[in-house]
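*Asks:* Sequential numbering from 570 applies to the sequence shown in the working numbering. Glycine included, every Cβ here is placed at the ideal spot set by N, Cα and C. Since this is a predicted model, take the numbers as computed values, not measurements.
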Amino acid sequence: MILQKAQMTWVERGPGSEPLGFRVFDQAHSSGRTLVTCEVNLHPPNPGSLRFHEGLGFRALGEQETGLGSDGMPKRVRLMGRSWV
Numbered sequence: 570m571i572l573q574k575a576q577m578t579w580v581e582r583g584p585g586s587e588p589l590g591f592r593v594f595d596q597a598h599s600s601g602r603t604l605v606t607c608e609v610n611l612h613p614p615n616p617g618s619l620r621f622h623e624g625l626g627f628r629a630l631g632e633q634e635t636g637l638g639s640d641g642m643p644k645r646v647r648l649m650g651r652s653w654v
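Rendered as structure tokens:
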């Protein structure tokens with residue numbers, strides 16, 4: 570399962586008024602998945618997203634460049650994961 574624009578998914582409310590992002594964990598767990606991953610921008614920096622994901626229990630798995638940002642500089646992301654094994 571791959572989500573694009575996940576920041577919107579976390580805050581939008583579903584039919585039961587639960588943030589939709591938390592349903593990702595429920596769906597992953599019920600289908601036997603043990604790891605949910607995400608990318609957080611390091612350049613350009615997104616410290617709010619980094620704090621948010623760390624607060625949910627995501628931990629760093631690695632970093633990579635994913636092309637050029639709008640400023641012409643290499644875009645760098647931190648790969649993060651949350652496991653419940």
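Look at the Cβ atom of Asn-610, then the Cβ atom of Val-646, and state whether they are nearer than 8 Å.
*Replies:* yes
*Asks:* Quick check on the burial criterion: 16 or more other C-beta atoms within 10 angstroms. Buried or exposed for Cys-607?
*Replies:* buried
*Asks:* According to DSSP, Pro-643 sits in a beta bridge with which residue or residues?
*Replies:* Leu-637
*Asks:* If you follow the beta strand (DSSP E) that Leu-625 is part of, which residue opens it and which one closes it?
*Replies:* Unbroken run through Leu-625: none, as it is neither H nor E.
*Asks:* Out of Pro-614, Arg-592, Ser-599 and Val-605, point me to the one whose CA is closest to Gly-626's CA.
*Replies:* Val-605
*Asks:* Could you check what DSSP says for Val-593 in three-state terms: helix, strand or coil?
*Replies:* helix
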